[in-house]
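Novice: The working numbering applies: residue 120 is where the sequence shown begins, and numbers increase by one. Even glycine gets a Cβ: it sits at the ideal position worked out from N, Cα and C. Note that the coordinates shown come from a computational prediction; the quantities given were computed from them, not determined experimentally.
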Amino acid sequence: LAAWAAGTRKDGDRLPPPRSLAELMAHPDEAPRIEDGDVAVMIPLLLDSGRTVRANLTLDAGLLDIIDTEPPGAA
Numbered sequence: 120l121a122a123w124a125a126g127t128r129k130d131g132d133r134l135p136p137p138r139s140l141a142e143l144m145a146h147p148d149e150a151p152r153i154e155d156g157d158v159a160v161m162i163p164l165l166l167d168s169g170r171t172v173r174a175n176l177t178l179d180a181g182l183l184d185i186i187d188t189e190p191p192g193a194a
């Protein structure tokens, strides 16, 4: 989602406003075709701000192990 948003902005297009699932489903042109067994997921859009900050965090050891084993640039 972040890659799509970055490409959209790079092309000079504006991102659509945030909408709830109910708002999307009520719009006849944008409502997805829902069939038996389909699910909808809400994914938050996290845009990079372009600046880094230092933070002191406390994490579960298992989560930190996963982060540490992730290859650089994989996210």
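Thinking C-beta only, is Leu134 closer than 8 Å to Ala124?
Specialist: Yes, these two residues count as a Cβ contact at 8 Å.
Novice: Using a Cβ-Cβ cutoff of less than 7 Å, which residues in the same chain neighbour Leu165 once the five nearest sequence positions on both sides are dropped?
Specialist: For Leu165, where only same-chain residues beyond five positions count, the Cβ hits under 7 Å are Ala121.
Novice: Which residue wins for smallest C-alpha separation from Ala159, given the options Ile185, Ser139, Thr171 and Thr177?
Specialist: Among Ile185, Ser139, Thr171 and Thr177, the Cα nearest to that of Ala159 belongs to Ser139.
Novice: Return the first residue and the last residue of the alpha helix (DSSP H) that Met144 is part of.
Specialist: Segment Leu140 to Ala145, the alpha helix (DSSP H) holding Met144.
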